[in-house]
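Listed below in structure tokens is the structure:
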């Protein structure tokens with residue numbers, strides 16, 4: 001005798017239901033414990049700070065990137081030369097003056113003493 | 118003084134309302150899980166052919182539902198729960214494939230699916246006569262074996278539609294596919310199962326594959 005799809009499904013469902021109804025006590029106890037473990041999740045306090053961890057990480061990476069971009073390591077450049085420096089470098093007399101600083105100091109002192117006397 | 122008391126009263130009322138809602142949500146979820154847990158276990162067990170593994174999968178699904186989807190409406194819980202469970206079953210099978218490859222590589226015998234003892238895993242007798250018990254157990258074993266041997270998507274569609282009684286829309290949500298795909302998988306599953314099992318008399322239609 002052929003059965004229809006509906007009858008087939010009803011029998012399958014009935015067999016399945018019977019197997020569900022006859023689960024042993026140990027298994028039901030395990031399921032009960034599993035359910036209470038799941039419900040305990042609802043009582044866990046929400047960790048507000050954990051929401052900001054990804055954003056803080058991204059911000060830290062961005063900050064490091066900006067610092068590295070603005071201040072590249074190993075490319076030290078001396079400060080630009082001023083106009084006075086250029087005069088010293090280009091003036092021939094100036095160079096000689098720096099070579100004989102002690103003489104010019106003595107000359108200044110001697111001139112002052114002459115003026116006083 | 119009066120204003121302060123009023124503010125305190127409002128504050129206490131708000132806290133009590135929030136606590137009541139949380140308690141209601143917990144009670145609703147408890148009822149839902151208690152309602153589906155045994156069926157979910159058997160569905161997972163048919164999928165993985167191992168009760169201990171099935172218990173772990175059901176517990177994981179319960180925890181994930183409570184942790185991530187408890188705020189959703191109750192109507193969504195059933196398909197969401199079964200979607201999590203089916204994903205767990207699929208992951209379990211993927212891990213088994215990898216495990217078996219590794220075991221084969223090292224020259225060990227891979228775990229064979231046929232090691233599952235459906236009789237040992239069968240439920241306790243519920244006060245029925247021995248011959249009736251044997252007939253029902255054999256019928257369920259035959260059905261279980263045949264369902265397990267279906268392609269994964271057909272198995273999921275059949276179990277969710279026939280065993281859990283989900284409609285097409287909820288099954289589609291649980292399986293993460295279109296309603297048309299559910300209908301196709303389900304139709305093929307029913308025809309395949311019937312072809313496997315209907316050689317026998319209607320009374321023990323599901324016994325066909327027991328001693329294969």
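Chains as they are written, first to last, in the working numbering: chain A, 1 to 117; chain B, 118 to 329. Ideal placement from N, C-alpha and C gives every residue a C-beta, glycine not left out.
According to a CB-to-CB cut-off of less than 9 Å, which residues of the region 18-32 of chain A neighbour chain B? Result list: 18, 19, 20, 21, 22, 23, 24, 25, 27, 28, 30, 31, 32.
Proximal residues of chain A, C-beta to C-beta of residue 280(B) below 8 Å: 12, 13, 16
Please check if any C-beta of chain A sits within less than 9 Å of the C-beta of residue 191(B). So no, residue 191(B) is outside the interface.
Status (buried if at least 16 other CB within 10 Å, exposed otherwise) for residue 325(B): Low confidence applies here, because residue 325(B) scores a pLDDT of 41, under 50, leaving its location unreliable; read the following figure in that light. Its Cβ being crowded by 16 or more others within 10 Å, residue 325(B) is buried.
Beta-carbon within less than 7 Å of residue 280(B)'s beta-carbon, same chain only, minus the 5 sequence neighbours each way: which residues are those? These residues qualify, in order along the chain: 156, 160.
Which of helix, strand or coil DSSP assigns to residue 17(A): helix
Between residue 212(B) and residue 285(B), what straight-line distance do the alpha-carbon atoms span, to the nearest angstrom? 29 Å
Following the continuous alpha helix (DSSP H) through residue 290(B), name the residue where it begins and the one where it ends. 285-292
Residue 221(B) burial status per 10 Å Cβ neighbour count (16 or more: buried): A residue is called buried once 16 or more other Cβ atoms fall within 10 Å of its Cβ, and residue 221(B), having fewer, is exposed.
Which of helix, strand or coil does DSSP assign to residue 192(B)? Residue 192(B): helix per DSSP, three-state reduction.
Please say whether residue 139(B) and residue 179(B) have beta carbons closer to each other than 9 Å? no
Quick one: which residues of the region 174-207 of chain B get their C-beta closer than 8 Å to a C-beta of chain A? List them in chain order. Taking 8 Å as the Cβ-Cβ cut-off, the region 174-207 of chain B approaches chain A at 175, 176, 179, 180, 182, 183, 184, 187, given in chain order.
First and last residue of the alpha helix (DSSP H) that includes residue 166(B)? Taken as a continuous stretch (DSSP letters only), residue 166(B) belongs to no alpha helix (DSSP H), as it is neither H nor E.
Along the chain, where does the alpha helix (DSSP H) containing residue 268(B) start, and where does it finish? Careful: residue 268(B) lies outside any alpha helix (DSSP H) and carries neither H nor E.
Using a threshold of 9 Å, state whether the C-beta atoms of residue 194(B) and residue 158(B) are closer than that. Contact: no.
When you compare only the Cα positions, how much space is there between residue 328(B) and residue 277(B)? Any reading at residue 328(B) needs caution, since the residue's pLDDT is 36, under 50, leaving its predicted position unreliable; the model's value is listed next. Approximately 26 Å, taken between the alpha carbons.
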